[in-house]
Amino acid sequence: MAMRLVFLWMAAVFLSVFIFNYLEAGIKIGSTEPPRFEVGDEWIFIDRRNTSEISLKMIKEQGDIYVFEETTKIGSGQINYDSQLNRIGGDKKLDFPLYPGKKWSWRKWSRAALVKADFEVLAEETHRVPAGVFKALKIRAVIDAYFLGLKHSWRGTIFYWYARCAGNIIDVAPDFKSSEIIPMSLKSYKFQNAPNECG
Numbered sequence: 029m030a031m032r033l034v035f036l037w038m039a040a041v042f043l044s045v046f047i048f049n050y051l052e053a054g055i056k057i058g059s060t061e062p063p064r065f066e067v068g069d070e071w072i073f074i075d076r077r078n079t080s081e082i083s084l085k086m087i088k089e090q091g092d093i094y095v096f097e098e099t100t101k102i103g104s105g106q107i108n109y110d111s112q113l114n115r116i117g118g119d120k121k122l123d124f125p126l127y128p129g130k131k132w133s134w135r136k137w138s139r140a141a142l143v144k145a146d147f148e149v150l151a152e153e154t155h156r157v158p159a160g161v162f163k164a165l166k167i168r169a170v171i172d173a174y175f176l177g178l179k180h181s182w183r184g185t186i187f188y189w190y191a192r193c194a195g196n197i198i199d200v201a202p203d204f205k206s207s208e209i210i211p212m213s214l215k216s217y218k219f220q221n222a223p224n225e226c227g
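Heads up: the sequence shown at position 119 corresponds to 147 in my numbering, and the numbers run straight through without jumps.
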């Protein structure tokens, strides 16, 4: 009996230390880790402005860089993404691990403007797109831009949903019109091997 109590006490101490270290590392239990890709994985989105399709297909991996071929009604080209699924040279839409309440920021300076984006994971919710119904993380991005030469500022908000099962952002909903931000929804997707973890 005494040995059993000692064992249970040691197990409880180990579990407490493990959970403390896990949280101290900035990782939340139940968080979403970065997706894993393989050559041939593909996503097709619908541009809700004109119902045209946008396809994104992984064609190669170079170290920590994923190279995708993006095809639109205009043509196709290669785009590089980092391991966090952020376009290299673009903004930081995702910052893994993701969990409700997480916040991060991104800033970019140029001769013409200063752009700042503040991101927050608002909640995990069920979200429907043409590709199906997903458990997804709803993320809000508040974008502030200050145009230096014009001495003019602008603010806009984008909501988007990241689904672990799809390994990608499945829906983008800006509250403004822009040639840079496309309102789009996932129509279909396929993985060459086992899909990203669901649940």
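We put the CB at the ideal spot given by N, CA and C, even for glycine.
None of these values were measured; they are calculated from a predicted model.
Query                                                                                                                                                            : Result
On a CA-only basis, which of 176, 60 and 155 is nearest residue 137? Give me that one, please.                                                                   : 176
Residue 201 and residue 164: beta carbons closer than 8 Å?                                                                                                       : no
Is the region 105-118 in contact with the region 142-157, if contact means three or more CB pairs nearer than 8 Å?                                               : no
Take the Cβ of residue 71 as the centre, count every other Cβ of all protein chains shown within 10 Å, and call the residue buried at 16 or more, exposed below. : buried
Counting only runs that start and end within the region 135-215, where is the beta strand (DSSP E) found for 3 or more residues in a row?                        : 141-157, 160-175, 180-191 and 196-202
For residue 67, tell me which candidate among 174, 87, 77 and 102 has the shortest Cα-Cα distance.                                                               : 87
Whose C-alpha, out of 143, 63, 85 and 158, is nearest the C-alpha of residue 123?                                                                                : 63
Could you compute how far the alpha carbon of residue 96 sits from the alpha carbon of residue 84?                                                               : 6 Å
Only counting the same chain, and skipping five residues up and downstream in sequence, which positions put a Cβ closer than 8 Å to that of residue 216?         : 71, 72, 158 and 159
Pick out the complete beta strand (DSSP E) segments inside the region 59-83, 3 residues or longer, and give them in chain order.                                 : 70-75
Can you list, in chain order, the residues of its chain whose CB lies under 7 Å from that of residue 104, leaving out five sequence neighbours each side?        : 97 and 98
To the nearest angstrom, how far is the alpha carbon of residue 49 from that of residue 61?                                                                      : At residue 49, the pLDDT of 36 sits below 50, so the modelled position is not reliable and the matter cannot be decided from this model.
Which residue comes first and which comes last in the beta strand (DSSP E) that contains residue 104?                                                            : 104-109
State the start and end residues of the unbroken beta strand (DSSP E) segment that holds residue 100.                                                            : Counting along the chain, residue 100 falls outside any beta strand (DSSP E), and DSSP gives it neither H nor E.
Have a look at residue 89 and residue 179 and give me their C-alpha separation to the nearest angstrom.                                                          : 42 Å
Quick one, are the C-beta atoms of residue 166 and residue 189 less than 8 Å apart?                                                                              : yes
Between 168, 110 and 219, which lies nearest to residue 129 when the distance is taken from Cα to Cα?                                                            : 168
What do you reckon, are the CB atoms on residue 143 and residue 186 nearer than 8 Å?                                                                             : no
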